[in-house]
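Below is one structure, written out as structure tokens, with a few remarks after it.
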Amino acid sequence: MLNKSVAVIDVRSSEITAVVAERGVNKTFIIKSSFTANYDGYAEGQLLDARGFGEALASVMKRTLAACGDRAGTVWVGVPGEFTRIVNTDNVLSFQGTRKVKRADIVSLERSSLPEAGKGWELVRSGCLYYVLSDMRRIVDPVGMLTDSLRGRLCHYLCSSSFCECVRNALSQFRSVSAVNFIPAVHAEAMYLIPPERRDEYAVLLDLGFISSSYSVACGNGVVYSESFSLGTGHIAVYLMESLGVPYQVALELLEKVNLNSKDSPGAALEEQFEGKFYRFTASEVKEKVREALDGICETIEECRRNFTEKNTDYKTLYLTGESALAVRGAADHISGRLVQTVTVIAPQIPYYDKPQYSSLFSLADMALTDAEKSSVLNKIISFFK
0 MLNKSVAVID
10 VRSSEITAVV
20 AERGVNKTFI
30 IKSSFTANYD
40 GYAEGQLLDA
50 RGFGEALASV
60 MKRTLAACGD
70 RAGTVWVGVP
80 GEFTRIVNTD
90 NVLSFQGTRK
100 VKRADIVSLE
110 RSSLPEAGKG
120 WELVRSGCLY
130 YVLSDMRRIV
140 DPVGMLTDSL
150 RGRLCHYLCS
160 SSFCECVRNA
170 LSQFRSVSAV
180 NFIPAVHAEA
190 MYLIPPERRD
200 EYAVLLDLGF
210 ISSSYSVACG
220 NGVVYSESFS
230 LGTGHIAVYL
240 MESLGVPYQV
250 ALELLEKVNL
260 NSKDSPGAAL
270 EEQFEGKFYR
280 FTASEVKEKV
290 REALDGICET
300 IEECRRNFTE
310 KNTDYKTLYL
320 TGESALAVRG
330 AADHISGRLV
340 QTVTVIAPQI
350 PYYDKPQYSS
360 LFSLADMALT
370 DAEKSSVLNK
380 IISFFK
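At position 98 of the sequence shown (counting the first as 1) the number is 97 in numbering that gives the first Met the number 0, and the numbers step up by one without a gap.
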């Protein structure tokens with residue numbers, strides 16, 4: 000990519016966005032280009048239309064290259080939770096005596112902890128939850144610390160081979176794309192959106208999408224647990240469509256108008272006109288249907304919460320983000336009441352982009368820029384010693 004810039008592709012459950020980004024001041028970003036294409040999405044770990052996905056991906060990449068002078072190099076692609084599997088390892092490296100931990104020790108421990116990807120999966124990234132010294136202190140960076148052993152709790156992110164193959168096939172037509180790096184979206188969001196001090200004692204993040212959502216538990220510098228499910232606001236619209244007997248487009252419009260927290264008069268109504276036909280429903284009736292659909296999503300969240308048995312997270316704040324976090328006004332409060340858990344909407348702290356629908360995009364951009372910066376430093380060191 001151009002000097003100090005990275006090309007990042009964010010794959011959501013309803014659209015694909017490609018940006019060229021640079022670091023700005025005060026942890027902001029400079030977006031040099033941005034292109035979006037809609038596609039059919041994915042569900043149950045499968046692309047609903049692999050060909051359509053490839054065409055949409057190629058479309059945003061083509062426009063991105065045209066905007067940056069047909070120079071790309073490495074392209075970073077976000078991997079949705081539906082196509083991600085997390086494997087945790089817990090290994091110990093023993094020394095002959097007490098000494099300072101070296102960077103080489105960490106590399107050795109991480110290499111010895113790499114799991115077998117297995118058929119249908121690719122290992123795309125590894126990270127550290129935390130390290131434990133011989134005096135039982137738990138830390139994130141042990142380099143320089145005195146100890147006679149080093150225990151590493153690591154997390155490894157596997158990506159569906161079929162997803163990787165679809166991405167590579169779509170981008171292979173562009174000669175200027177020299178490499179494709181995959182970033183697990185659940186990992187990027189947890190690291191970017193949740194402060195380190197919150198992650199130290201486990202933090203819970205829900206990315207509420209249009210067709211698919213992901214529930215994750217972050218710890219230290221990684222994600223200890225993640226589960227995706229094919230539910231989102233698109234399914235709430237489908238529920239409205241079926242229960243009220245309206246076209247899907249009308250259901251989407253009703254969702255935008257409803258406010259679960261509003262106090263309506265008995266005669267308050269929601270109205271919509273579509274293709275020459277007039278639709279009118281009482282606000283209370285629409286609200287009740289929306290709550291019923293949200294309760295179905297909450298039941299799945301509760302199941303995810305029960306499936307994570309390492310630590311009780313019932314009392315933890317649920318950080319809510321994603322393209323549909325604010326799609327239904329009052330949804331966060333309803334989820335909070337239903338789960339009996341504090342729910343806080345979280346988004347990038349960036350002017351003009353401080354909305355949860357931009358969370359995955361800027362989380363991926365932040366991680367891609369960090370990767371590029373580390374690679375640049377490493378290349379300079381290698382060149383110095385040549």
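Ideal Cβ placement from N, Cα and C applies to all residues, glycine included.
{"query": "In its own chain, which residues sit with a C-beta less than 7 Å from the C-beta of VAL78, not counting the 5 before and 5 after it?", "result": "VAL123, CYS158, PHE162, PHE181, ILE182, PRO183, ALA184"}
{"query": "Look at VAL342 and ALA331 and say whether their C-beta atoms are less than 8 Å apart.", "result": "yes"}
{"query": "Give me the Cα-Cα distance between VAL106 and LEU149, rounded to the nearest whole angstrom.", "result": "12 Å"}
{"query": "Flag this pair as yes or no: are the beta carbons of LEU205 and ALA217 separated by less than 8 Å?", "result": "no"}
{"query": "Where do the ends of the beta strand (DSSP E) carrying SER183 lie?", "result": "With the sequence shown as reference, residue 183 is identified as Pro, and Ser is not the correct amino acid for it. Segment 176-183, the beta strand (DSSP E) holding PRO183."}
{"query": "When you compare each of SER212, MET60, HIS234, ASP69 to ASN168 by their alpha carbons, which one comes out closest?", "result": "MET60"}
{"query": "Taking the runs of the beta strand (DSSP E) that are 3 residues or longer, which of them lie wholly in the segment 11-38?", "result": "14-22, 28-37"}
{"query": "Excluding five sequence neighbours on each side, which residues of the same chain lie with their C-beta closer than 6 Å to the C-beta of MET366?", "result": "ILE182, ALA187"}
{"query": "Are there 16 or more other CB atoms within 10 angstroms of the CB of ARG304, so buried, or fewer, so exposed?", "result": "buried"}
{"query": "Please report the distance separating the alpha-carbon of VAL139 from that of LEU145.", "result": "14 Å"}
{"query": "Which complete beta strand (DSSP E) runs does the segment 204-260 hold, if anything under 3 residues is left out?", "result": "212-218, 221-228"}
{"query": "Exposed or buried, TYR387, counting other C-beta atoms within 10 Å across all chains shown (16 or more means buried)?", "result": "Beyond the ends of the chain as shown, which are 0 and 385, falls residue 387; an answer cannot be given."}
{"query": "In terms of DSSP beta bridges, what is GLU452 paired with?", "result": "Examination of residue 452 is not possible in this model, given that the chain is present from 0 through 385 alone."}
{"query": "Suppose the cutoff is 7 Å on Cβ atoms and the five residues either side in sequence are ignored; what does the same chain contact list for VAL166 look like?", "result": "LEU56, VAL76, VAL179"}
{"query": "Is GLU322 helix, strand or coil by DSSP?", "result": "coil"}
{"query": "By alpha-carbon positions, which one of ILE193, ASP294, VAL19 ends up nearest to TYR238?", "result": "ASP294"}
{"query": "Quick check on the DSSP output: the alpha helix (DSSP H) that includes CYS163 runs from which residue to which?", "result": "160-170"}
{"query": "Grab the span of the alpha helix (DSSP H) containing VAL344 for me, first residue to last.", "result": "VAL344 -> not in any alpha helix (DSSP H); beta strand (DSSP E) instead, spanning 342-344."}
{"query": "Comparing alpha-carbon positions, which option in LYS373, GLN272, GLY231 lies nearest TYR41?", "result": "GLY231"}
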